[in-house]
RNA sequence: GGGGAUGUAGCUCAGGGGUAGAGCAAUUGCCUUUUAAGCAAUGGGUCGGAGGUUCGAUUCCUCCCAUCCUCACCA
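In my numbering, the protein residues as written are 283 to 806.
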């Protein structure tokens, strides 16, 4: 794979041969590790007298890691190695590790992995280090790493020189990015802590973790184009899930009252700094509760995630300070529109809303203009979304925005029937979207469990291809049957994990919080 | 998909119609508490790819590829 012409690689292959000639296996099978860099540094006691220093010397530890910096000084060598928890300096003297090991050491490079046994000491210049009494090569690297140098200034500031910064290479070769860029590792550490925190909060609330299919014969639960694949033996078309919502509701029907699932969803859409074709969502469903309960739990989950991963609810995202502390504002979509524009969209005729939008130069798809509800939702997106920096729940969307959500409890069933036939009346549903930094961070409903209304709304969606879009959502008859069997009053929530992690790690692009974001293949 | 920018050594970058530049890394030598180690010497390039203009292209032109930004798309 790597170019054989490359001088650096050729050189390393020669070193590899020399090591073998010296009778040393460059790829041994194991090394017993007794300490990590972090443990060593945090537990080091500076010996004050000779006796303690002797004790220290008798207390041998074993550590392993990748060489990330090496300074040779003739018959002594300093190197920094990096292990899972950090970095530490190793001091190796020919007299201590022996002739053969020192010969091997001379054949090592940045990127090689070594193990060392030795005692902890503090160098003249004050750095806690391991004075090696033994060194073992654990893995010889033949592909050169970028050489990144760190300088600690007198004021204690860290300056990184020649950082590995090419974003394309960083994403394509994330393993190198992780070795070389400390902050990248930290971003993903936070990601894992956020996920653990969300699970912990849900578990505390008695939710259980479940698994639903990634490969589906019918896709649904969201409005997005799917990835299509095929099963060879069965000879059928399959879709990668765009959402797991319809399956989690089936589990509620089946009697699991509180379920959650972390999933990759796959959406065949454009890619930008907040969209990756596969992304992580956690969805949870709770029986005998409504969207007000979901708002309570949502803000608790986010607050806990921030506290558990960062120890604070105050974050800075790209220069904007955001406070995630509970409670968050809860605002009706139409109220936000009113306070922003002065328009009482509920009670004004559709034609006047359209006039207003024309005046404001808001482009509107001709196919949407027949639906007052969709026009209101669009107006909100165009005019109001940009202001939603601090956490806020936007509630009570027009029914046309989703077929899976229960109408507000204020309506009688009769009212709903009557209003449906009147284009000037909009039915609103018990839905909320949490917004932070102008982003939708999730989506939640008081779930629709009226099987007749559910059927009606899904059929409508199928008919109009949902708001005039090209793709037609297939009807999921089995899901309808599940609702007919009877789903208890339920609320469900989806939370976009990647975007949450972006906020908490101050990451500009979603690609910075996904280990291996999708990249186009390179031509040979 | 539209528009803009970028692509030069392993890494970070300069340059520019006539033999390709720097720092770090590499190689050789000296150096047993150094730390962006140091000193001296040396090697390293299909200048993203394919065409075109030209006596001559890495540089100018066209197309292609990849990446980033932006718009469109996207609950």
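We put the CB at the ideal spot given by N, CA and C, even for glycine.
- Note that the C-beta distance between residue 320 and residue 368 is below 8 Å.
- Here the alpha carbon of residue 529 sits roughly 29 Å from the alpha carbon of residue 472.
- In this structure residue 780 is buried. Its beta-carbon is surrounded by 16 or more other beta-carbon atoms within 10 angstroms.
- Here residue 616 is buried, its C-beta having at least 16 other C-beta atoms within 10 Å.
- Here residue 710 is not near residue 573, since their CB atoms are 8 Å or more apart.
- Residue 324 counts as exposed, since fewer than 16 other beta carbons sit within 10 angstroms of its beta carbon.
- Two segments are said to touch when three or more pairs of C-beta atoms, one from each, lie closer than 8 Å; by this definition the stretch 422-442 does not touch the stretch 401-412.
- For residue 757, the closest C-alpha among the options 502, 509, 627 is that of 502.
- The stretch 406-459 is shown to contain whole beta strand (DSSP E) runs of 3 or more residues at 410-421, 431-434, 440-443, in chain order.
- About 40 Å separates the Cβ atoms of residue 542 and residue 421, ruling out a contact at the 8 Å cut-off.
- Between residue 605 and residue 498, the CB-CB gap reaches or exceeds 8 Å.
- The Cβ atoms of residue 372 and residue 412 lie closer than 8 Å to each other.
- Going by beta carbons, residue 764 and residue 532 fall inside the 8 Å limit.
- Burial state of residue 717 is buried, judged by a 10 Å Cβ sphere holding 16 or more other Cβ atoms.
- Residue 608 holds the alpha-carbon nearest to the alpha-carbon of residue 582 among 560, 592, 608, 600.
- In this structure, residue 743 lies near residue 685, with their beta-carbon atoms less than 8 Å apart.
- Below 8 Å, enough C-beta pairs join the stretch 579-594 and the stretch 470-487 to call them touching: three or more.
- Taking a C-beta distance under 8 Å as the contact criterion, residue 304 and residue 386 qualify as a contact pair.
- Taking the C-beta atoms as reference points, residue 565 is found nearer than 8 Å to residue 526.
- Residue 298 is not a Cβ neighbour of residue 395, given a cutoff of 8 Å.
- Distance from residue 512 to residue 522 at the Cβ level is roughly 12 Å; contact not present, criterion being Cβ atoms closer than 8 Å.
- Each residue's CA atom was taken as its position, placing residue 514 and residue 534 some 32 Å apart.
- Bridge partners of residue 680 according to DSSP: 710.
- 8 Å or more divides the Cβ of residue 349 from the Cβ of residue 398.
- Ranking 418, 725, 364, 400 by CA distance to the CA of residue 388 puts 418 first.
- The DSSP-derived three-state label of residue 733 is helix.
- Going by beta carbons, residue 290 and residue 426 fall inside the 8 Å limit.
- C-alpha of residue 326 to C-alpha of residue 410: approximately 8 Å in a straight line.
- Sorting 453, 579, 446 by C-alpha distance to the C-alpha of residue 777 places 579 at the top.
- Excluding residues up to 5 positions away in sequence, 545, 547, 776, 777, 778, 779 lie with their Cβ nearer than 7 Å to the Cβ of residue 563 in the same chain.
- Taking the C-beta atoms as reference points, residue 468 is found no nearer than 8 Å to residue 598.
- Listed as beta-bridge partners of residue 603 by DSSP are 598.
- Just so you know, the alpha carbons of residue 801 and residue 794 end up roughly 13 Å apart.
- For residue 726, the secondary structure class from DSSP, reduced to helix, strand or coil, is strand.
- DSSP, read as helix, strand or coil, puts residue 571 in coil.
- Sequence-distant partners of residue 539 (beyond 5 residues in either direction) whose C-beta falls short of 8 Å from its own C-beta, in its chain, are 568, 569, 570, 770.
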